[in-house]
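Just so you know, the sequences run in chain order A and B. Using the working numbering, the first residue of the first sequence is number 6, and each one after it goes up by one. Using the working numbering, the first residue of the second sequence is number 8, and each one after it goes up by one. Built from N, CA and C at the ideal position, the CB exists for glycine as well. None of these values were measured; they are calculated from a predicted model. To start, the structure under review is shown below, and the notes come after it.
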Amino acid sequence: MSGILIYTSIIEGAVSTPTKEVSGMARAIAAKTGDSVAAALVGSEVTDLASELIASGVDQVYICDDVKLGEFCANLYLQALEVIVEKAAPRIVLIPGEATGADLAPRLAQRIKGGLVTDCIDYEISGDAVIYTKPVYGSKALARIRITTPISLVTVRPRTQEVYPPEADRSGETTRLEAALDSMAPDTTIMERMEEEVLECSLEEANVVVSGGRGLQNAEAFEQLRQLAGLLNGAVGATRVAVDQALVPPSCQIGLTGKIVAPDLYFAIGLSGASQHIAGMSGSKYIVAINSDEEAPIFDISNVGVVEDFRNVLPVLIAELKKHLSKS
Amino acid sequence: MHIVVCVKQIIDPEIPSAEFRIDFEARRAVEGQSKQVLNPYDGNALEVALQLKDRHEETNVTVMTVGPESDQKVLRHALAMGCDDAIWLKDDGFDNLDSHGTAQVLARGIQKAGLPDIVLCGRQAGDWDMGQVGLRIGEALGITCVSLAYNIEYDDGRLRLRRETDRGAEIVEAGLPLLATITNDQSNQPRYSTVKGIMAAKRKEIPIWSAQELELDRDAIEPVVVVDELVVPSYERQVMFIDGQDGSEKAIQLAEHLIKMNLFT
Numbered sequence: 006m007s008g009i010l011i012y013t014s015i016i017e018g019a020v021s022t023p024t025k026e027v028s029g030m031a032r033a034i035a036a037k038t039g040d041s042v043a044a045a046l047v048g049s050e051v052t053d054l055a056s057e058l059i060a061s062g063v064d065q066v067y068i069c070d071d072v073k074l075g076e077f078c079a080n081l082y083l084q085a086l087e088v089i090v091e092k093a094a095p096r097i098v099l100i101p102g103e104a105t106g107a108d109l110a111p112r113l114a115q116r117i118k119g120g121l122v123t124d125c126i127d128y129e130i131s132g133d134a135v136i137y138t139k140p141v142y143g144s145k146a147l148a149r150i151r152i153t154t155p156i157s158l159v160t161v162r163p164r165t166q167e168v169y170p171p172e173a174d175r176s177g178e179t180t181r182l183e184a185a186l187d188s189m190a191p192d193t194t195i196m197e198r199m200e201e202e203v204l205e206c207s208l209e210e211a212n213v214v215v216s217g218g219r220g221l222q223n224a225e226a227f228e229q230l231r232q233l234a235g236l237l238n239g240a241v242g243a244t245r246v247a248v249d250q251a252l253v254p255p256s257c258q259i260g261l262t263g264k265i266v267a268p269d270l271y272f273a274i275g276l277s278g279a280s281q282h283i284a285g286m287s288g289s290k291y292i293v294a295i296n297s298d299e300e301a302p303i304f305d306i307s308n309v310g311v312v313e314d315f316r317n318v319l320p321v322l323i324a325e326l327k328k329h330l331s332k333s
Numbered sequence: 008m009h010i011v012v013c014v015k016q017i018i019d020p021e022i023p024s025a026e027f028r029i030d031f032e033a034r035r036a037v038e039g040q041s042k043q044v045l046n047p048y049d050g051n052a053l054e055v056a057l058q059l060k061d062r063h064e065e066t067n068v069t070v071m072t073v074g075p076e077s078d079q080k081v082l083r084h085a086l087a088m089g090c091d092d093a094i095w096l097k098d099d100g101f102d103n104l105d106s107h108g109t110a111q112v113l114a115r116g117i118q119k120a121g122l123p124d125i126v127l128c129g130r131q132a133g134d135w136d137m138g139q140v141g142l143r144i145g146e147a148l149g150i151t152c153v154s155l156a157y158n159i160e161y162d163d164g165r166l167r168l169r170r171e172t173d174r175g176a177e178i179v180e181a182g183l184p185l186l187a188t189i190t191n192d193q194s195n196q197p198r199y200s201t202v203k204g205i206m207a208a209k210r211k212e213i214p215i216w217s218a219q220e221l222e223l224d225r226d227a228i229e230p231v232v233v234v235d236e237l238v239v240p241s242y243e244r245q246v247m248f249i250d251g252q253d254g255s256e257k258a259i260q261l262a263e264h265l266i267k268m269n270l271f272t
């Protein structure tokens with residue numbers, strides 16, 4: 006077994022950015038180990054995407070293009086991936102850590118008898134071996150982990166790796182593979198899909214994020230956060246507690262099991278700063294914390310702190326910023 | 008209907024970073040001031056199971072864990088919440104299992120108990136955050152898997168699961184038997200135990216199954232990943248506190264500071 010195989014996640018008909026980041030990571034490993042870099046391209050009418058993968062650093066694309074693979078269905082995709090893995094015989098399989106990757110990786114690992122490290126954010130190379138870093142204990146610690154099986158699998162956290170600068174004239178090979186897709190085997194049917202309402206701007210892209218937590222206590226309080234976010238063309242985020250209390254929809258959750266954000270400006274309002282939340286926002290450039298408890302750990306990781314009940318601060322802050330922004 | 012819920016006892020994931028301690032030699036967190044708790048997502052999984060039991064007669068919920076002496080506490084906790092039975096998979100050989108090994112042990116335990124209609128696991132454990140034991144069990148058992156579900160309804164031999172996706176949610180219909188990993192939602196916040204439940208849980212006999220009883224080979228549960236090192240990262244910044252007599256004054260100061268820092272472009 007040799008070489009690195011990456012899994013291609015496709016979003017709205019295009020190769021996803023996390024896939025290109027994983028390709029960049031594969032190239033960086035290959036530069037030191039001499040491994041080849043291949044990609045698994047699975048879906049319906051996806052063959053055209055192969056050139057984009059090759060431009061993004063892939064040497065060889067294994068394509069499984071089948072009408073049955075139009076909608077993401079883990080059971081069918083796994084059957085296709087097994088065929089590709091058998092053909093490519095990689096020693097490392099890198100998977101972008103989006104929801105689809107997190108869904109596929111453990112099952113593929115069990116099927117192909119590989120060790121798996123999930124949510125990898127960094128790595129180092131020692132000889133031929135790769136040691137993967139992942140946050141553990143709610144991001145209070147980082148573990149460096151080695152995989153001892155002949156084939157190793159890794160899911161990679163989005164936005165932790167550099168993409169390979171695209172080269173339009175890069176050459177590579179494509180191989181089409183057929184998988185005997187048994188659509189009877191997975192006994193699941195998707196009945197309905199509910200896409201979250203697309204807000205003014207998405208949380209991950211926002212330059213300003215205004216987040217609330219347990220201290221907000223009711224959904225009305227989030228209205229004030231929305232006002233501040235609206236004023237600054239930002240987005241509203243929340244802690245897991247606020248989501249569990251149904252103050253905001255789950256799509257607002259920031260943290261280890263929510264979204265990972267790194268805006269220019271982050272407002273942490275009425276939230277204490279549990280490590281699981283910090284895991285999702287510690288990369289923010291400038292952090293402002295407003296909390297009535299001066300002992301709250303959020304202040305330790307903030308640039309500016311206001312020890313006060315946010316209800317006494319936000320209306321005036323919003324008014325002051327409005328004044329300033331209308332001037333400029 | 009028979010439901011098995013797999014649970015894990017972990018060091019309280021809510022403890023503040025300041026109280027978090029690591030045994031660097033053993034490459035694991037030490038209990039110290041913190042306490043051992045039920046993994047929160049497993050609490051959500053138990054709640055989903057118990058809601059199915061509330062709605063459907065003749066539903067049996069069995070809770071299962073693999074782990075050392077102290078892990079019996081989570082089984083009693085689950086029984087007190089309303090589970091009917093508990094099974095403890097315990098063996099000296101189970102002390103240093105990784106996700107792969109844990110999944111093989113639990114899969115064997117589930118098979119020995121008789122393949123149930125539904126297997127539920129938390130989406131991930133709040134200690135190692137690996138998120139792979141549940142789906143590995145499903146694969147080992149060769150049954151349908153649905154990940155990141157938060158709500159399950161049963162009707163006439165079919166299940167309707169609501170699950171989280173990258174871009175929102177979806178409803179999936181599936182047949183039995185099925186394994187689902189459960190994520191948190193307002194609808195599955197774990198219930199409190201009743202006094203009656205706690206009393207009954209104390210008296211309940213919990214069978215213990217060893218590696219031998221599970222007919223498990225040592226080779227099958229050998230670690231496939233090795234932790235080389237565990238380190239504590241620091242996200243600390245030098246914080247500047249805003250002064251002021253009251254909230255309004257602090258708000259004005261804060262606005263001035265943010266404007267001066269040129270944070271709005």
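With contacts defined as CB atoms closer than 9 Å, Val66 of chain A and Ala31 of chain A fail to qualify as a contacting pair. Across the set A:Ile274, A:Ile283, A:Leu252, the C-alpha of A:Ile283 shows the shortest separation from the C-alpha of Val266 of chain A. Under the three-state reduction of DSSP output, Gly149 of chain B falls in the coil class, being neither helix nor strand.
Rounded to the nearest angstrom, the gap between the Cα atoms of Leu168 of chain B and Cys128 of chain B is 14 Å. With a threshold of 9 Å between beta carbons, Leu57 of chain B makes no contact with chain A. Following the DSSP letters along the chain, one finds Gly116 of chain B inside the alpha helix (DSSP H) bounded by residues 106-120. Annotated three-state conformation of Tyr82 of chain A is helix, per DSSP. Using beta-carbon distances, Ser77 of chain B does not count as an interface residue toward chain A, since no partner is under 9 Å. When 8 Å is used as the limit between beta carbons, Arg116 of chain A is near these residues of chain B: Glu146, in chain order. Sequence-distant Cβ neighbours of Ile97 of chain A in its own chain, meaning closer than 6 Å and more than five residues away, are Ile9, Ser157.
The three-state reading of DSSP puts Met286 of chain A in coil, since its state is none of H, G, I, E or B. From the beta-carbon of Leu270 of chain B, the residues of chain A found nearer than 8 Å are Asp269, Leu270, Tyr291. Note on geometry: alpha-carbon atoms of Asp49 of chain B and Ala262 of chain B lie some 43 Å from one another. Close to chain B, meaning a Cβ-Cβ distance shorter than 8 Å, are the following residues of the region 244-260 of chain A: Arg245, Val248, Asp249, Gln250, Ala251, Pro255, Ser256. In the pairwise beta carbon analysis, the region 210-219 of chain A is classified as not touching the region 104-112 of chain A: fewer than three pairs are separated by under 8 Å. Ranked by Cα distance from Leu265 of chain B, the first of A:Ile117, A:Thr138, A:Tyr291 is A:Tyr291. In its chain, beyond the 5 residues on either side, Gly120 have a beta carbon closer than 8 Å to the beta carbon of Thr153 of chain A. Our two residues, Gly285 of chain A and Glu64 of chain B, have alpha carbons roughly 42 Å apart in a direct line. Across the region 81-94 of chain B, no CB contact with chain A closer than 8 Å is found for any residue. Against chain B, the CB of Phe227 of chain A has no partner CB under 9 Å away; the residue lies outside that interface. Within chain B, Ile249, Lys257, Leu261 have C-beta atoms less than 7 Å from the C-beta of Val311 of chain A, given in sequence order. When Cβ-Cβ separations below 9 Å define contact, Cys152 of chain B makes contact with chain A. In summary, Thr194 of chain A is exposed, with fewer than 16 beta-carbon neighbours lying within 10 Å of its beta-carbon over all protein chains present. Look at Tyr161 of chain B: its C-beta is not under 9 Å from any C-beta on chain A. Listed in chain order, the beta strand (DSSP E) runs fully inside the region 141-221 of chain B are 151-162, 165-172, 175-182, 185-189, counting runs of at least 3 residues. Sequence-distant partners of Asn191 of chain B (beyond 5 residues in either direction) whose C-beta falls short of 6 Å from its own C-beta, in its chain, are Asn51. Rounded to the nearest whole angstrom, the C-alpha separation of Cys69 of chain A and Leu86 of chain A is 8 Å.
Within the region 311-329 of chain A, the residues whose Cβ lies closer than 9 Å to some Cβ of chain B are Val311, Val312, Glu313, Asp314, Phe315, Arg316, Asn317, Val318, Leu319, Pro320, Val321, Leu322, Ile323, Ala324, Glu325, Leu326, Lys328, His329, listed in chain order.
Note that the C-beta distance between Ile323 of chain A and Leu252 of chain A is not below 9 Å. Where Asp124 of chain A is concerned, the enclosing beta strand (DSSP E) starts and stops at 120-125. Looking from the CA of Lys211 of chain B, the closest CA among B:Val44, B:Val37, B:Leu86, B:Ser77 belongs to B:Leu86. Arg32 of chain A carries a helical assignment under DSSP once its states are collapsed to helix, strand and coil.
One alpha carbon belongs to Lys257 of chain B, the other to Gly48 of chain A, and they sit about 55 Å apart.
Around the Cβ of Pro101 of chain A, a 10 Å sphere holds 16 or more other Cβ atoms; the residue is buried. Taking the Cα positions, Ser289 of chain A is about 50 Å away from Pro214 of chain B.
Counting along the chain, no alpha helix (DSSP H) covers Val253 of chain A, and no H or E run does either.
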